[in-house]
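J.: Residue numbers (my numbering), protein chains in the order written: chain E, 21 to 308; chain X, 12 to 397. Note that the Cβ used here is the ideal one computed from N, Cα and C, for glycine as well. If you're wondering where the values come from, they're calculated on a predicted model, not measured in any experiment.
#1: If you draw a straight line from the C-alpha of residue 390/X to the C-alpha of residue 108/E, how long is it?
#2: Buried or exposed, going by whether 16 or more other CB atoms sit within 10 Å of the CB of residue 15/X?
#3: Give the single residue among 379/X, 362/X and 350/X whose Cα lies nearest to the Cα of residue 415/X.
#4: Could you tell me the alpha carbon to alpha carbon distance between residue 164/E and residue 282/X, rounded to whole angstroms?
#5: Can you confirm whether the segment 47-63 of chain X touches the segment 178-185 of chain X when touching is taken to mean that 3 or more C-beta pairs between the two stretches lie within less than 8 Å?
#6: If you measure from the beta carbon of residue 36/E to each beta carbon in chain X, is any gap under 8 Å?
#7: Does the beta carbon of residue 264/E sit closer than 8 Å to a beta carbon anywhere in chain X?
#8: Can you tell which of 154/X, 81/X, 299/X and 337/X has its C-alpha closest to the C-alpha of residue 359/X?
#9: How many Å lie between residue 138/X and residue 183/X at the Cα?
#10: In the DSSP assignment, what are the bridge partners of residue 44/E?
#11: In three-state DSSP terms, what is residue 172/X?
#12: Examine chain E for any beta-carbon lying closer than 8 Å to the beta-carbon of residue 379/X, and answer yes or no.
#13: Buried or exposed for residue 347/X, going by 16 or more other Cβ atoms inside 10 Å?
#14: Given residue 21/X, which residues of its chain have a CB within under 6 Å of its CB, disregarding the five upstream and five downstream residues?
#15: According to DSSP, is residue 219/E helix, strand or coil?
#16: Does the distance from the C-beta atom of residue 166/E to that of residue 173/E stay below 8 Å?
#17: For residue 141/E, count neighbouring C-beta atoms within 10 Å of its own C-beta (all shown protein chains included) and say buried if the count is 16 or more, exposed if not.
#18: With a threshold of 8 Å between beta-carbons, can residue 231/E be considered close to chain X, or not?
#19: Can you tell me whether DSSP reads residue 159/E as helix, strand or coil?
#20: At a Cβ threshold of 8 Å, is residue 202/E touching chain X?
#21: Starting from residue 252/E, follow its DSSP beta bridges and name the residues at the other end.
#22: Look up residue 139/X in the DSSP assignment and give the residues it is bridged to.
#23: Smallest Cα separation from residue 43/X: which of 258/X, 369/X and 240/X?
#24: Please return the same chain residues whose Cβ sits closer than 6 Å to the Cβ of residue 100/E, not counting the five positions on each side in sequence.
#25: Can you tell me whether residue 309/X is helix, strand or coil according to DSSP?
#26: In chain X, which residues lie with their C-beta within 7 Å of the C-beta of residue 138/E?
#27: Between the segment 175-186 of chain E and the segment 117-125 of chain E, can you find at least three pairs of beta-carbon atoms closer than 8 Å?
#28: Using the beta-carbon of each residue, which ones in chain X are nearer than 9 Å to residue 113/E?
#29: Is any beta-carbon of chain X found at less than 8 Å from that of residue 180/E?
#30: Please specify which runs of the alpha helix (DSSP H), each continuous and at least 4 residues long, are wholly inside the segment 111-174 of chain E, giving them in chain order.
#31: Hey, could you find the ends of the beta strand (DSSP E) residue 53/E is sitting in?
#32: When the distance is taken between beta carbons, is residue 198/E closer than 8 Å to residue 229/E?
#33: Could you work out which residues of chain E lie near residue 26/X, taking near to mean beta carbons separated by less than 9 Å?
#34: Mapping the DSSP letters down to three states, classify residue 282/X as helix, strand or coil.
#35: Taking residue 53/E as the query, report the chain X residues whose CB atoms sit under 7 Å from its CB, ordered along the chain.
#36: Note down, in chain order, every chain X residue with its Cβ under 7 Å from the Cβ of residue 128/E.
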């Protein structure tokens with residue numbers, strides 16, 4: 021299996037990047053049936069949010085898509101090639117970048133060194149590893165913090181280091197699990213902006229798991245998982261979609277313009293009966 | 012960032028634990044290296060005692076190698092000297108005495124024939140060697156090795172009491188061999204008097220003709236000596252041993268080697284258990300970190316290699332500390348009166364390498380299981396680990 025994205029993008033741009041069929045995940049104790057027959061196709065370059073209540077299967081799906089785990093039933097294809105146990109490490113190293121809610125930086129290494137960690141699997145030349153990591157740190161605006169340890173960085177800076185680490189191998193698929201979950205709103209906005217910008221530059225595909233519907237509303241597609249089932253799949257601006265902008269998504273309302281905003285008690289369009297318990301309302305953004 | 016920077020950052024994460032682990036390895040390596048070094052020093056110095064004089068064979072009573080209590084008839088020396096290819100024969104008689112007032116136990120007293128080629132290797136720093144016809148057994152003369160003279164605080168003209176008999180010190184010598192520097196030499200007849208034995212010796216030291224020292228000739232001479240018979244045609248029961256075989260057969264060396272082996276076994280066990288404990292704790296504490304590395308694409312083999320190289324680095328650090336410690340110990344011991352006549356302050360590269368190999372084996376035995384555990388962690392479960 022080809023382990024890089026770029027070659028395939030140019031040669032065969034048509035197949036979706038991810039094609040998941042009938043995914044079931046039953047954990048070994050047999051009591052948790054985390055995913056039940058989930059089908060998901062993600063075109064190349066799409067930016068997708070997975071939302072849903074806790075325990076709905078979001079992270080499980082992300083882990084399966086990220087080759088961190090294998091489904092009990094069903095298949096996943098990345099670039100038309102099935103994921104199987106023999107190639108998961110190489111795929112993760114070269115084609116997938118992970119961003120975690122808790123950053124998961126190595127505490128004894130500097131920012132620059134943390135970014136180099138994934139390169140140990142793909143690049144033997146130490147100087148090239150350093151150069152590439154430095155370049156990524158520059159792109160996330162942390163060139164001047166290269167020698168700082170994670171403990172000396174703010175939460176926002178740590179997540180930006182984690183972004184650089186996720187992107188350093190030029191993956192075609194970026195998976196982010198609650199990437200702004202530990203950040204204040206200003207840092208969340210900054211991190212998301214950088215993430216979106218870098219993903220767009222690279223024509224990579226982005227899949228984000230989030231509880232935050234305001235964040236989800238930034239993406240062109242929102243998939244909702246509940247009790248292990250895919251219960252809603254909405255794409256912004258798609259003509260045949262019943263949700264041109266995910267307006268009817270639980271907890272999201274149209275504000276009169278093209279923007280989607282989060283409903284809240286102060287918002288006259290708020291309908292508590294449609295707002296799920298997992299959706300934690302934030303103050304609505306002011307219309308432009 | 013180099014691989015070693017990564018390793019070093021992990022070792023420095025828990026500096027006290029890392030230092031204690033390295034100290035455990037250092038203690039194990041140090042004990043083995045020091046003991047092996049001392050044993051090796053004994054062996055080398057004994058061997059040098061003979062080889063520096065060009066001794067090819069040592070003749071002793073068969074089956075009693077290196078037992079100074081076993082004696083052979085001194086008259087056999089002439090028969091051995093008469094054998095083809097034999098250039099010179101020197102009878103040797105050794106006893107061991109103590110100078111308790113000075114705290115010196117087990118000092119060798121050698122009895123040499125006056126005028127023997129054995130004196131040729133001695134360099135007199137004070138006084139003179141024995142003189143034929145002048146220094147008879149009745150006159151009770153002794154010469155001292157430089158280390159022994161220093162330990163006893165004696166000089167030429169002083170009197171030394173050996174087994175309650177007063178001996179006049181007529182010379183102080185230096186030899187290339189530390190045993191001789193720590194021993195005393197008296198005329199062989201005087202030592203026989205002291206030991207109250209008849210015309211007997213402990214061994215004969217045999218030097219072959221210069222062009223007859225190859226293996227084939229040595230074997231011929233050995234066979235000839237061991238075939239010597241008495242007047243009734245019975246074999247005399249002599250063993251003619253090449254110097255290396257003779258020295259390696261020393262009971263003291265065998266005991267020391269046994270102690271080395273026992274120490275090595277204990278050290279390996281202790282080192283391995285210490286390393287195993289440290290690396291298991293380290294892997295447990297860093298479970299989530301390994302999960303993240305796996306998520307970032309690190310192969311299980313690379314994770315295992317990370318853990319093993321950390322263990323090896325710690326072990327090498329311990330080995331260096333242990334070897335340094337052993338060296339300091341040997342230097343200190345070799346300066347102590349009573350020991351300075353036996354022990355030279357050096358460690359051979361072979362012994363140091365033995366310490367490094369011990370540390371590496373402990374690292375591998377103690378590191379492989381934790382490495383395997385780390386490599387087999389499920390990325391998902393590891394990341395969720397609290």
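T.: Straight from the coordinates:
#1: Roughly 11 Å separates the two Cα atoms.
#2: Residue environment: residue 15/X is assigned as exposed (fewer than 16 neighbouring CB atoms within 10 Å of its CB, all protein chains considered).
#3: Outside the displayed span of chain X (12 to 397) sits residue 415/X, for which this structure offers no information.
#4: For residue 164/E and residue 282/X, the distance between alpha carbons rounds to 44 Å.
#5: With a cut-off of 8 Å, the segment 47-63 of chain X and the segment 178-185 of chain X do not count as touching, because too few Cβ pairs lie within range.
#6: No, its Cβ sits nowhere closer than 8 Å to a Cβ of chain X.
#7: Low local confidence applies: a pLDDT of 38 at residue 264/E is under 50, so the model's placement there is unreliable, with the coordinate-based value given in what follows. No Cβ of chain X is located within less than 8 Å of the beta carbon of residue 264/E.
#8: Among 154/X, 81/X, 299/X and 337/X, the Cα nearest to that of residue 359/X belongs to 337/X.
#9: Spanning the two alpha carbons is a distance of roughly 6 Å.
#10: Answer by DSSP bridge pairing, in chain order: 93/E.
#11: In the structure shown, residue 172/X falls within a strand segment according to DSSP collapsed to helix, strand and coil.
#12: The Cβ of residue 379/X sits no closer than 8 Å to any Cβ of chain E.
#13: By the 10 Å Cβ count, residue 347/X comes out exposed.
#14: Taken in chain order, the residues that qualify are 321.
#15: Helix.
#16: No; because the gap between Cβ atoms is not below 8 Å, this pair is not in contact.
#17: By the neighbour-count definition (other C-beta atoms within 10 Å, threshold 16), residue 141/E is a buried residue.
#18: No - not a single Cβ of chain X is within 8 Å of the one on residue 231/E.
#19: Helix, per DSSP.
#20: Residue 202/E does not count as touching chain X.
#21: Answer is 244/E.
#22: DSSP output for residue 139/X lists no bridge partner at all.
#23: Answer by Cα proximity: 369/X.
#24: Short of 6 Å from the beta carbon of residue 100/E, and not among the five residues preceding or following it, lie these beta carbons of its own chain, in chain order: 35.
#25: DSSP places residue 309/X outside both helix and strand once states are collapsed to three, so it counts as coil.
#26: Near residue 138/E (Cβ distances below 7 Å), the residues of chain X are 307 and 308.
#27: Taking a contact to require three or more Cβ pairs closer than 8 Å, the segment 117-125 of chain E and the segment 175-186 of chain E qualify as touching.
#28: Chain X residues near residue 113/E: 307, 308, 309 and 310.
#29: Taking Cβ atoms only, chain X never reaches closer than 8 Å to residue 180/E, which makes this a no.
#30: Within the segment 111-174 of chain E, complete alpha helix (DSSP H) segments of at least 4 residues are found at 131-136 and 146-159, given in chain order.
#31: Unbroken beta strand (DSSP E) run through residue 53/E: 53-62.
#32: Against a cut-off of 8 Å, the Cβ pair of residue 198/E and residue 229/E comes out as a contact.
#33: Residue 26/X does not reach chain E, its nearest Cβ partner there being about 11 Å away, counting only Cβ pairs nearer than 9 Å.
#34: DSSP places residue 282/X in helix when its eight states are reduced to three.
#35: From the beta-carbon of residue 53/E, no residue of chain X is found nearer than 7 Å; the closest lies around 16 Å away.
#36: Under the 7 Å cutoff, chain X gives 20, 21, 23 and 24.
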